[in-house]
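Visitor: If you scroll down you'll find the structure; I have some questions about it.
2 protein chains.
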Amino acid sequence: MTQAIGVFDSGVGGLTVVRELRQRFPHEEIHYLGDTARVPYGTKSPRTVERYALTCQEFLLEKRVKLVMVACNTASANALPALQERAEVPVIGAVHPGALAALEATRSGHIAVLGTLGTVRSGAYEAAICERDPKASVVTRACPLFVPLAEEGWGETDIAKLTARRYLSELFQADGHVDTIVLGCTHYPLLRDVVAEVCEELCSAPVRIVDSAAAMVSQASLHLGAEETPLKRPAGALRCSVTDASRMEELAPRFLGETLDSLELVDL
Amino acid sequence: MTQAIGVFDSGVGGLTVVRELRQRFPHEEIHYLGDTARVPYGTKSPRTVERYALTCQEFLLEKRVKLVMVACNTASANALPALQERAEVPVIGAVHPGALAALEATRSGHIAVLGTLGTVRSGAYEAAICERDPKASVVTRACPLFVPLAEEGWGETDIAKLTARRYLSELFQADGHVDTIVLGCTHYPLLRDVVAEVCEELCSAPVRIVDSAAAMVSQASLHLGAEETPLKRPAGALRCSVTDASRMEELAPRFLGETLDSLELVDL
């Protein structure tokens, strides 16, 4: 039996990371855990988030995964050191890969990070970016409406556009030199187009958008070897566990780009 | 020592019930519990909601409250029988008082209920309304954007208006005879004005809006005796406990209409 890659998130959003993984490493087996009974982590305190993240990781480690991907920016921001300390396999968070990708993308050195309240409050992106480039300037904004907009499938509506405009105009007012925006929540790739559109409206210079899901998979590739083309081997299985029945089956295709074969309810 | 009224919710929303209580019974002591570590209940399964609600009630019963108010429509919809079975004091939920108030308000017998996904899925409002009036017609709509709109303080923005228009036009398309709308979530009173405005736009006939927070307090009054005017006695104390530090202090004034004197972190 090959070993799977373990991926967890507080809910359904981390499936954007699975989607990226399956595109680039189609033959890898993946075990996804959505902690839907305790979603969202974004509004909870660091102590609570760390406690929840540790139980998620423990579940995946019991399945003997070869790699843990923390597909939740809030958990990455608040719990990565604790998670890495307790695992003997590599643990990849969302924040450091996102920070690195932002630094590669920016020319002005002015970066904006959109995330949940928990991610923004943690200051983790600022720390990760400024650790690598102390001259970089980082502004952040919590965007609590983005998650329900993504889940409603309203990512391309006027409501999403007005909401993005409100969040982003505050950001550009705070720092007019921002040229790179990090989507620091795994739900946000579903609003990527609307964010890009609003950036074009608000900024004369082009703004680059960095998706932390894609950045995580690039970092995971260091542990997975060369990317594979499909068809050489059969596609890897995707197992999905949730801590609460919730709407995972209904929402998954929107985030994953395919339907789920199986869904298992687990009690953590 | 006088006995307090116990009120609980998954988060901050139940403070709209406390606000109503304090206006009508200013001298009552109140102990509020916000289960902020596990908020929101609205996306969780009935089994999980019941388990959480029972631990909240147990906490309040240990404080020897004389009355429990379940200021969370999702918990009321999914757990009221279990809660009532375990308590020796009266337990008041949100659904039955809201249903009763809606039946008193409607002339056409066509009622719409807005709530969280959990409340809508439970079918509890339909059951409560049709139990009393089998000829009544009930349509429901989950409005997941309303909670972050209320918490952002965006209840009176264009975004709130467009969102309300989207949710309500679907409702009125489903049933053109609706003349009464129940705000079936304790966050929603903060969007009352925008809901009323959109109803005026969409309907030629007047639409009545029923707030389940106010309806709950009317039912509680049966156990509390006559309403009191302020100034006769000193104002009752308000204690507030939360299961996670979260943003309670910041958000409370928006829902409660006053700042919190004290906030205690508890572990359930």
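Each protein sequence line maps, in turn, to chains A and B. Going letter by letter, the first sequence gives residues 32 to 299 in the numbering used here. Going letter by letter, the second sequence gives residues 32 to 299 in the numbering used here. Cβ coordinates follow ideal geometry from the N, Cα and C atoms, glycine included. No experiment lies behind these values; they were computed from the predicted model shown.
#1: So, does the CB of Thr-194 of chain A fall closer than 8 Å to a CB anywhere in chain B?
#2: Where does Ser-76 of chain B land, buried or exposed, given buried means 16+ other C-beta within 10 angstroms?
#3: Identify the continuous beta strand (DSSP E) that holds Gly-37 of chain B and give its terminal residues.
#4: If you count every other CB in all the chains shown that lies within 10 Å of the CB of Leu-91 of chain B, and 16 or more means buried, which is it?
#5: Pull out every residue of the segment 155 to 169 of chain B whose Cβ sits closer than 7 Å to any Cβ of chain A, in chain order.
#6: Return the CA-CA distance between Val-169 of chain B and Gln-204 of chain B, expressed in angstroms with no decimal places.
#7: What are the boundary residues of the beta strand (DSSP E) that Arg-239 of chain B is part of?
#8: How many angstroms separate the CA atom of Gly-129 of chain A from the CA atom of Ile-240 of chain A?
#9: Excluding the 5 residues preceding and the 5 following Asp-210 of chain A in the sequence, name in chain order all residues of the same chain whose CB lies nearer than 7 Å to its CB.
#10: Compute the beta-carbon to beta-carbon distance between Thr-150 of chain A and Gly-73 of chain A, rounded to the nearest angstrom, for a pair I have assumed lies under 8 Å.
#11: Drop a sphere of 10 angstroms on the beta-carbon of Glu-162 of chain B, count the other beta-carbons inside from all chains shown, and report buried for 16 or more, exposed for fewer.
#12: Should Lys-75 of chain A be listed as close to the ligand PLP, given that the test is whether its C-beta is under 7 Å from any heavy atom?
#13: If we cut at 8 Å on Cβ distances, does Leu-176 of chain B have a partner in chain A?
#14: Give me whichever residues DSSP pairs with Thr-86 of chain A in a beta bridge.
#15: Return the chain-ordered list of same chain residues with a C-beta closer than 6 Å to the C-beta of Thr-68 of chain B, the five sequence neighbours on each side being excluded.
#16: Name the chain B residues whose beta carbon is nearer than 7 Å to that of Ser-76 of chain A?
#17: Look at Cys-216 of chain B and Asn-104 of chain B and say whether their C-beta atoms are less than 8 Å apart.
#18: Could you check how far apart the C-beta atoms of Ile-212 of chain A and Cys-230 of chain A are, in whole angstroms? I think they sit under 8 Å.
#19: Could you check what DSSP says for Cys-230 of chain A in three-state terms: helix, strand or coil?
#20: Tell me, to the nearest whole angstrom, how far the beta carbon of Leu-255 of chain A is from that of Glu-59 of chain A; I am working on the premise that it is less than 8 Å.
#21: Can you say whether Gly-184 of chain B is buried or exposed, counting buried as having 16 or more other CB atoms within 10 angstroms of its CB?
#22: Label Glu-135 of chain B either buried or exposed according to how many other C-beta atoms from any shown protein chain fall within 10 Å of its C-beta, with 16 as the threshold for buried.
#23: Relative to the C-alpha of His-218 of chain B, which residue among B:Leu-202, B:Val-99, B:Ser-243 and B:Ala-158 is closest?
#24: Where does Cys-161 of chain B fall in DSSP's three states?
#25: Is Ala-136 of chain B helix, strand or coil by DSSP?
#26: Looking at chain B, which residues of the segment 76 to 93 of chain A have a Cβ within less than 7 Å of any of its Cβ atoms?
Guide: Here's the rundown:
#1: Counting from 1 along the first sequence, the entry for residue 194 of chain A is found at position 163. For Thr-194 of chain A, the answer is yes, since a Cβ of chain B falls inside 8 Å of its Cβ.
#2: The count along the second sequence starts at 1 and reaches residue 76 of chain B at position 45. Counting every other CB atom within 10 Å of its CB across the protein chains shown gives Ser-76 of chain B a total of 16 or more, marking it as buried.
#3: Within the second sequence, the letter at position 6 stands for residue 37 of chain B. Boundaries of the beta strand (DSSP E) harbouring Gly-37 of chain B: 36 to 40, taken from the DSSP string.
#4: The count along the second sequence starts at 1 and reaches residue 91 of chain B at position 60. When all chains shown are included, Leu-91 of chain B counts as buried.
#5: Answer set for the segment 155 to 169 of chain B: empty.
#6: Translated into positions along the second sequence, residue 169 of chain B becomes position 138. Translated into positions along the second sequence, residue 204 of chain B becomes position 173. Distance between the alpha carbons of Val-169 of chain B and Gln-204 of chain B is about 13 Å.
#7: Taking the second sequence and counting its residues from 1, the one referred to as residue 239 of chain B is at position 208. Its beta strand (DSSP E) spans residues 239 to 242.
#8: Residue mapping note: residue 129 of chain A aligns to position 98 of the first sequence, counting from 1. Residue mapping note: residue 240 of chain A aligns to position 209 of the first sequence, counting from 1. Whole-angstrom Cα-Cα distance: 11 Å.
#9: For the purposes of this step, residue 210 of chain A is identified with residue 179 of the first sequence, where counting begins at 1. The answer, listed in chain order, is Thr-137, Arg-138, Ser-139, His-141, Ala-236, Val-238 and Arg-239.
#10: Position 119 of the first sequence holds residue 150 of chain A. Position 42 of the first sequence holds residue 73 of chain A. 7 Å between Cβ atoms; contact.
#11: For the purposes of this step, residue 162 of chain B is identified with residue 131 of the second sequence, where counting begins at 1. With fewer than 16 Cβ atoms within 10 Å of its Cβ, Glu-162 of chain B is classed as exposed.
#12: The ligand PLP is not part of the structure shown, which contains no ligands of any sort.
#13: By 1-based counting over the second sequence, the position of residue 176 of chain B is 145. So, interface residue.
#14: What you label residue 86 of chain A is simply residue 55 of the first sequence in a count that begins at 1. Thr-86 of chain A has no beta-bridge partner at all, per DSSP.
#15: Counting from 1 along the second sequence, the entry for residue 68 of chain B is found at position 37. Note that residue 68 of chain B is Ala in the sequence shown here, rather than Thr. For Ala-68 of chain B, the CB contacts under 6 Å within the same chain, skipping 5 residues up- and downstream, are Thr-274 and Asp-275 in chain order.
#16: One-based indexing of the first sequence puts residue 76 of chain A at position 45. The answer, in chain order, is Asp-275, Ala-276 and Ser-277.
#17: Taking the second sequence and counting its residues from 1, the one referred to as residue 216 of chain B is at position 185. Taking the second sequence and counting its residues from 1, the one referred to as residue 104 of chain B is at position 73. Going by C-beta atoms, Cys-216 of chain B is nearer than 8 Å to Asn-104 of chain B.
#18: The residue you call residue 212 of chain A lines up with position 181 of the first sequence. The residue you call residue 230 of chain A lines up with position 199 of the first sequence. With a beta-carbon spacing of about 7 Å, Ile-212 of chain A and Cys-230 of chain A fall inside the 8 Å limit used to define contacts.
#19: On the first sequence, residue 230 of chain A is found 199 positions in, with the first residue counted as 1. Cys-230 of chain A falls in the helix class under three-state DSSP.
#20: As a position in the first sequence, residue 255 of chain A is number 224, starting the count at 1. As a position in the first sequence, residue 59 of chain A is number 28, starting the count at 1. That belief holds up - the Cβ atoms of Leu-255 of chain A and Glu-59 of chain A are roughly 7 Å apart, short of 8 Å.
#21: Walking along the second sequence from the start, residue 184 of chain B turns up at place 153. Result: exposed.
#22: Stepping through the second sequence from its first residue, residue 135 of chain B is reached at position 104. With fewer than 16 neighbouring CB atoms inside 10 Å of its own CB, Glu-135 of chain B falls in the exposed class.
#23: Position 187 of the second sequence, counted from the first residue, corresponds to residue 218 of chain B. The shortest Cα separation from His-218 of chain B among B:Leu-202, B:Val-99, B:Ser-243 and B:Ala-158 belongs to B:Ser-243.
#24: Within the second sequence, the letter at position 130 stands for residue 161 of chain B. Secondary structure of Cys-161 of chain B (DSSP, three-state): helix.
#25: Counting from one through the second sequence, the residue named residue 136 of chain B turns up at place 105. Helix at Ala-136 of chain B.
#26: Going along the segment 76 to 93 of chain A in chain order, one finds Ser-76 and Thr-79 with a Cβ nearer than 7 Å to chain B.
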